[in-house]
Amino acid sequence: QVQLVESGGGLVQPGGSLRLSCAASGIIFSIYTMGWFRQAPGKQRELVAIITSGGTTNYADSMKGRFTISRDNNKSTVYLQMNSLKPEDTAVYFCYASRGSASWGQGTQVTVSS
Numbered sequence: 002q003v004q005l006v007e008s009g010g011g012l013v014q015p016g017g018s019l020r021l022s023c024a025a026s027g028i029i030f031s032i033y034t035m036g037w038f039r040q041a042p043g044k045q046r047e048l049v050a051i052i053t054s055g056g057t058t059n060y061a062d063s064m065k066g067r068f069t070i071s072r073d074n075n076k077s078t079v080y081l082q083m084n085s086l087k088p089e090d091t092a093v094y095f096c097y098a099s100r101g102s103a104s105w106g107q108g109t110q111v112t113v114s115s
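In the working numbering, the protein residues as written are 2 to 115.
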């Protein structure tokens, strides 16, 4: 059974940085596409970034240049480094794992506010 556990969320001021982590278990991590999505209040869940098993990355346009996704297959962990955070980045961030079907973590809250 796939288990994804996110950590690293919190409150940060505009312009600040956070690093999210997602530890995976129950899967052969290295062969999975991993990613991050987010959902703000009253809005649909949206793609933040994904990274394939081969290391290819893809970002939503609004995150390009500010966010970086990476993975450590030895630790079965995917990361999201978020810089230059804006109030509109406030959302619950969800970890995602896919190899055909998708699995989701429980989410971690990120709040960007002064």
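We put the CB at the ideal spot given by N, CA and C, even for glycine.
With a Cβ-Cβ cutoff of 7 Å, do residue 10 and residue 110 count as a contact?
Counting from 1 along the sequence shown, the entry for residue 10 is found at position 9. Counting from 1 along the sequence shown, the entry for residue 110 is found at position 109. Cβ atoms of residue 10 and residue 110: closer than 7 Å.
Spatial neighbours of residue 103 within its chain, please: CB distance less than 7 Å, with the 5 preceding and 5 following residues excluded, ordered by chain position.
Start at 1 with the first residue of the sequence shown, and residue 103 comes out as number 102. 97.
Considering only C-alpha positions, which residue in the set 113, 16 and 67 is nearest to residue 50?
Numbered from its first residue, the sequence shown carries residue 50 at position 49. The candidate whose alpha carbon is nearest that of residue 50 is 67.
In angstroms, rounded to a whole number, what distance separates the CA positions of residue 5 and residue 115?
By 1-based counting over the sequence shown, the position of residue 5 is 4. By 1-based counting over the sequence shown, the position of residue 115 is 114. Looking at the two C-alpha atoms, the distance is approximately 30 Å.
Beta strand (DSSP E) segments (min. 3 residues) lying fully within the region 17-78:
With a minimum length of 3 residues, the continuous beta strand (DSSP E) runs that stay inside the region 17-78 are 19-26, 34-40, 47-52, 58-60 and 68-73.
Nearest residue (CA-CA) to residue 106, options 40, 38, 95 and 26:
In the sequence shown, the residue the question calls residue 106 occupies position 105. Ranking the options by Cα distance to residue 106, first place goes to 95.
Can you name, in chain order, every residue of its own chain whose Cβ lies under 6 Å from the Cβ of residue 70, other than the five neighbours on each side?
Taking the sequence shown and counting its residues from 1, the one referred to as residue 70 is at position 69. Cβ neighbours of residue 70 beyond the five flanking positions: 50, 52, 58 and 81.
Could you check which residue in 20, 17, 65 and 32 has the C-alpha nearest to that of residue 74?
If you number the sequence shown from 1, residue 74 lands on position 73. Out of 20, 17, 65 and 32, 32 has the C-alpha closest to the C-alpha of residue 74.
Paired residues, beta bridge with residue 4 - DSSP
Within the sequence shown, numbered from 1, the residue matching residue 4 stands at position 3. Residue 4 is bridged to 26.
Residues near residue 17 by beta carbon distance below 7 Å, same chain, minus five either side
Working through the sequence shown from its first residue, we reach residue 17 at position 16. Answer for residue 17: 86, listed in chain order.
Here's the rule I'm using: 16 or more other beta-carbon atoms within 10 Å means buried, otherwise exposed. How should residue 100 be labelled?
Start at 1 with the first residue of the sequence shown, and residue 100 comes out as number 99. Answer is exposed; the Cβ neighbour count stays below 16.
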